[in-house]
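In UniProt numbering, the protein residues as written are 1 to 413. Ideal placement from N, C-alpha and C gives every residue a C-beta, glycine not left out. Have a look at the structure below, then the notes.
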Amino acid sequence: MSRLVRYQLIAFAVIAVLGVVFVGAKYIHLDHMLGFGQYQVKVKAKTTANLSKGAEVTYRGVPVGRVDSLDITPDGVMIYLELDSGKPKVPASAKAVIANRSAIGEQYLDLVPETSKGPYLRDGSVIDGAETPIPVEDLLASVNHFSSTTDLTALSTTVTELGKAFDGQGDNLRILVDSLNKFSQTGVEALPQTVQLIRDAQTVLGTQADQSPAIRTFSDGLDRLAVQLRANDPDIRRLIGTGADAGEQIGKLLDQSAQPLTTDLSNLRLLLQAVSPQTYTLKPLLQMLPLLSVGGSATAPGDGTTHFGLVLETNNPPACTVGYEGTQRILDQMKAQNPNFDDTRDDFPFNTDAKCDVPFGSPTDVRGGARAQYADPNVPQPWDSKPKTDPDKLNLSPVAIQLATLIGVTPKR
């Protein structure tokens with residue numbers, strides 16, 4: 001054997017040994033046994049659902065690791081997963097689902113993410129909760145119980161009647177399905193409005209809840225009103241019976257007095273329009289009229305005495321005379337026509353043009369209906385465009401008390 005052939009055989013043997021070692025290491029997951037290329041993730045679950053050690057772990061159907069071990073905890077079980085670092089990264093939002101791979105009950109754990117974006121699972125991460133399938137034995141037991149408790153005669157009757165009900169109704173069922181489809185599409189299109197309606201309904205219902213005492217009180221009031229109406233039913237019937245005659249009489253009255261009533265209301269409207277600016281000054285007058293009637297009888301109580309007081313306010317402020325000259329001219333004309341004319345006894349024309357013509361802001365006593373509205377403190381004055389201000393009252397009580405003490409007068413107690 002030549003040296004070249006010998007070297008070729010040695011090289012082939014070395015390559016074969018390395019290939020067998022590599023394949024064997026991959027087969028037995030030597031890197032995992034040595035702790036390389038893996039990271040551990042924990043899953044909290046209520047039950048193992050027959051999941052066992054070594055079960056496959058998948059992500060979107062791709063194997064990414066194995067179940068390393070299972071431990072019992074006070075709240076259930078802790079499942080330890082060994083995931084391969086070289087496989088696709090699993091988002092931390094993934095849910096753990098224990099599923100059946102086949103009908104014989106071979107379980108595996110599938111990681112179902114809500115999104116493909118990070119953060120991702122890393123060594124020591126914990127997935128809280130795992131969805132477990134219904135155990136096959138429980139499903140079979142439930143099916144067996146259902147079949148054993150089902151009345152076959154009644155079931156046969158139900159199926160027969162359903163067959164009769166839907167027999168020949170294909171077109172109607174198609175229309176119903178199409179209508180439901182359109183209804184669902186319309187519901188999806190109107191979803192924002194529906195959500196807003198629900199939110200607004202929460203506000204309305206909250207308001208109703210806050211106003212429940214008032215609503216209850218209103219309902220109680222309606223109940224009492226109904227009871228009162230029931231108790232007065234004869235009177236109400238009699239009122240309704242006579243209401244037609246009364247309405248007829250009122251109609252005749254309105255027909256007969258329509259024109260005079262319209263005229264009176266028009267005149268009343270004009271009167272109110274003319275009086276409205278003077279309401280502030282007329283109000284004290286109307287309030288004092290009852291007091292005048294009482295005071296009139298108080299001046300002579302009937303005991304032979306008279307009680308009367310007089311406050312002189314002459315020319316304080318000075319009276320207005322500008323604008324009343326026309327009255328004097330009328331009197332002069334009357335005296336020229338009749339030398340015996342007496343203005344205190346004889347009639348003479350009324351001077352409708354008489355009014356106070358002094359400028360606004362004059363210290364004289366500005367009178368006249370046209371200026372009565374300026375007595376209202378809330379009405380701005382024409383000379384300064386500002387409302388009146390009530391000046392501070394002059395309190396003379398301390399001075400009066402001191403003077404009374406000096407002159408020896410003791411106030412009545």
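Check: Residues near Ile-127 by beta carbon distance below 6 Å, same chain, minus five either side; Outcome: Val-43, Ala-96
Check: Through-space distance from Val-227 to Gln-273, alpha-carbon basis; Outcome: 47 Å
Check: Proximity winner among Leu-282, Asp-346, Gly-241, Asn-338, relative to Gln-373 (alpha-carbon distances); Outcome: Leu-282
Check: Secondary structure of Gly-187, DSSP reduced to three states; Outcome: helix
Check: Touching by the beta-carbon criterion (3+ pairs, under 8 Å), the segment 109-126 and the segment 52-65; Outcome: yes
Check: Length at least 4, wholly inside the segment 247-327: the alpha helix (DSSP H) runs in chain order; Outcome: 258-275, 279-298
Check: At least 3 beta-carbon pairs within less than 8 Å: the segment 37-51 vs the segment 64-73; Outcome: yes
Check: Any 3 or more C-beta pairs closer than 8 Å across the segment 161-175 and the segment 73-92; Outcome: no
Check: Touching by the beta-carbon criterion (3+ pairs, under 8 Å), the segment 84-93 and the segment 114-123; Outcome: yes
Check: Exposure of Ala-154, with buried meaning 16 or more beta-carbon neighbours within 10 Å; Outcome: exposed
Check: CB of Phe-350 within 7 Å of CB of Met-334, strictly; Outcome: no
Check: Anticipated Cβ contact below 8 Å, Gly-86 with Gly-37, distance rounded; Outcome: 6 Å
Check: Helix, strand or coil at residue 415 according to DSSP, with G and I counted as helix; Outcome: With the chain covering 1 to 413 only, the question about residue 415 has no answer from this structure.
Check: Segment limits, beta strand (DSSP E) that includes Lys-164; Outcome: It is not in any beta strand (DSSP E) - Lys-164 instead sits in the alpha helix (DSSP H) that spans 152-166.
Check: Rounded separation between Ile-250 and Ser-266 - CA only; Outcome: 21 Å
Check: Segment limits, alpha helix (DSSP H) that includes Pro-213; Outcome: 212-231
Check: Helix, strand or coil at Ser-142 [DSSP, three-state]; Outcome: helix
Check: Continuous beta strand (DSSP E) stretch holding Tyr-80: start and end; Outcome: 76-84
Check: Nonlocal neighbours in the same chain, by C-beta distance under 8 Å from Ile-215, ignoring five residues either side; Outcome: Gln-208
Check: Within 7 Å, strictly: CB atoms of Val-294 and Cys-320; Outcome: no
Check: Residue burial classification, Val-64 (beta-carbon count within 10 angstroms, cutoff 16); Outcome: buried
Check: Same chain, Cβ closer than 7 Å to Asp-343, neighbours up to 5 away in sequence not counted; Outcome: Leu-331
Check: Cβ neighbour criterion (16 or more within 10 Å) applied to Val-41; Outcome: buried
Check: Integer-rounded CB distance, given that Thr-327 should sit under 8 Å from residue 419; Outcome: Absent from the model: residue 419. The displayed extent of the chain is 1 to 413, so no value can be given.
Check: Whole-number beta carbon distance between Ile-175 and Pro-133, since they are thought to touch under 8 Å; Outcome: With a Cβ gap of about 39 Å, Pro-133 and Ile-175 do not count as contacting.
Check: Contacting residues, own chain, Cβ-Cβ under 8 Å from Pro-135 (five flanking each side not counted); Outcome: Ala-49, Asn-50
Check: Reduced DSSP category for Ile-72 - H, G, I as helix; E, B as strand; rest coil; Outcome: strand
Check: Assigned exposure category for Arg-66 - 16 Cβ within 10 Å defines buried; Outcome: buried
Check: Anticipated Cβ contact below 8 Å, Phe-360 with Pro-382, distance rounded; Outcome: 5 Å
Check: Alpha-carbon spacing of Leu-139 relative to Val-159, whole angstroms; Outcome: 24 Å
Check: Beta-carbon spacing of Ala-55, Gln-8 below 7 Å; Outcome: no
Check: Assigned secondary structure, Ile-134 (DSSP; H/G/I helix, E/B strand, else coil); Outcome: coil
Check: Buried or exposed by the 16-neighbour rule on C-beta atoms within 10 Å, applied to Ala-258; Outcome: exposed
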